[in-house]
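The structure appears below as structure tokens.
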Amino acid sequence: MDFTSRYVALGDSFTEGVGDDDPTRPNGVRGWADRVAEQLCAADPNFGYANVAIRGRKLRQILAEQVDAAVELNPTLVTIYAGANDILRPKVDIDDLLAEYNDAVGKLTATGATVVMFTGFDARGSKVFGTMRGRTAIYNELVRGIAGDHGALLVDYWRFSEYYDWGMWAHDRMHMSAAGHGNMAKRVLEVLKYDHSIDVPPITPVPELSRAEAIRANAQWFREYAAPWVVRRVTGKSSGDNLQPKYPQFTRL
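Going by this note's numbering, the sequence shown opens with residue 7, and the numbers climb by one from there.
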């Protein structure tokens with residue numbers, strides 16, 4: 007089928023949909039981008055959706071593997087979020103990375119597509135990821151400049167205070183929950199000025215824990231999620247190894 011409207015989603019686990027589990031979908035996840043595409047497809051029988059995001063990808067990997075693939079699909083809409091996995095590394099040259107990001111966004115906007123970018127989240131509520139606030143703030147200022155220079159739209163994740171509710175996050179504390187992904191879909195559609203009928207999944211309340219319970223919960227989190235994440239970083243492995251894009255060609259949802 008030839009689609010007259012074509013949305014391509016690029017990025018890492020954020021865009022792939024990790025945290026919004028759905029065993030009926032490719033790679034076992036749904037995510038905000040799928041939710042956005044569902045709304046757009048429902049309104050337009052000639053709308054096609056591709057999602058080439060892969061969890062664990064760093065910025066240069068996303069640019070090398072996904073940007074040219076997106077350009078070849080001749081998109082009319084592109085979303086891209088890259089760099090979060092770089093910020094978490096022990097050392098990173100944000101200026102060099104964002105110079106390459108700038109070139110890639112220029113290539114995407116040159117297709118004539120509407121391009122949507124994202125700032126990084128302010129993780130001040132996390133004792134682990136909150137240590138990266140300074141890096142993320144620098145990243146965000148550079149992203150704002152890139153978006154302004156190329157006429158891209160910006161989803162300002164940094165300012166979304168609703169994500170300070172831990173119910174918006176999955177058990178791994180690294181990815182959004184179904185509620186978080188549903189809310190992000192609404193945020194993206196609002197930036198696109200698109201009327202939608204998204205029903206955001208309810209937030210699962212996070213109970214208050216005693217000091218002893220919190221210590222046990224944190225220990226369990228470290229064993230199940232943090233330690234494997236550290237091991238992958240040390241060994242050069244990725245959670246996205248051996249995974250293929252969810253929707254490498256246009257489809258309808």
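Even for Gly, the Cβ is constructed at its ideal location relative to N, Cα and C.
Keep in mind it's a predicted model, so treat the numbers as computed, not measured.
- Between R193 and V161 the beta-carbon gap is near 6 Å, inside 8 Å, which marks them as a contact.
- The continuous alpha helix (DSSP H) containing L195 extends over residues 184-197.
- In this structure, DSSP gives A129 a state outside helix and strand, which the three-state scheme calls coil.
- Counting only runs of 4+ residues, the alpha helix (DSSP H) found wholly inside the segment 100-129 occupies 100-115, in chain order.
- Contact annotation: Q72 and R63 have beta-carbon atoms nearer than 9 Å.
- According to the DSSP assignment, R229 belongs to no alpha helix (DSSP H), since it is labelled neither H nor E.
- Per DSSP, the continuous beta strand (DSSP E) segment holding Y87 begins and ends at 83-87.
- The beta strand (DSSP E) runs of length 3 or more contained entirely in the segment 13-68 are, from start to end of the chain, 53-57.
- Assignment of Q250 by DSSP, reduced to helix, strand and coil, places it in the coil class.
- The straight-line gap separating the alpha-carbon atoms of L16 and Y87 is approximately 7 Å.
- Excluding five sequence positions before and after G112, the CB atoms of its chain that fall closer than 6 Å to its own CB belong to H156, given in chain order.
- For the set L114, G173, H181, the Cα lying nearest the Cα of I152 is the one of L114.
- With respect to the C-alpha of S19, the residue from M180, Q45, S11 having the closest C-alpha is M180.
- The three-state secondary structure of L148, taken from DSSP, is helix.
- Here K252 is buried. Its C-beta has 16 or more other C-beta atoms within 10 Å.
- Comparing alpha-carbon positions, the option among D99, S183, W172 lying closest to Y145 turns out to be D99.
- When C-alpha distances from D50 are compared across G34, L249, D201, N189, the shortest belongs to D201.
- The three-state reading of DSSP puts V77 in helix, counting H, G and I together.
- Within its own chain, the residues whose Cβ lies closer than 7 Å to the Cβ of A75, once the five positions on either side in sequence are excluded, are V58, listed in chain order.
- A Cβ-Cβ contact shorter than 9 Å links W164 with G126.
- The criterion of a C-beta distance shorter than 9 Å is not satisfied by G54 and W38.
- Taking C-alpha positions only, L259 is separated from L79 by approximately 18 Å.
- Residue pairing of L160 in beta bridges, as defined by DSSP: M123.
- When C-alpha distances from A184 are compared across T10, Y13, D26, S167, the shortest belongs to D26.
- Here DSSP, grouped into helix, strand and coil, assigns T142 to helix.
- Within 10 angstroms of the beta-carbon of A105 lie fewer than 16 other beta-carbons, which makes it exposed.
- Residue environment for N248: exposed (fewer than 16 other C-beta atoms within 10 angstroms of its C-beta).
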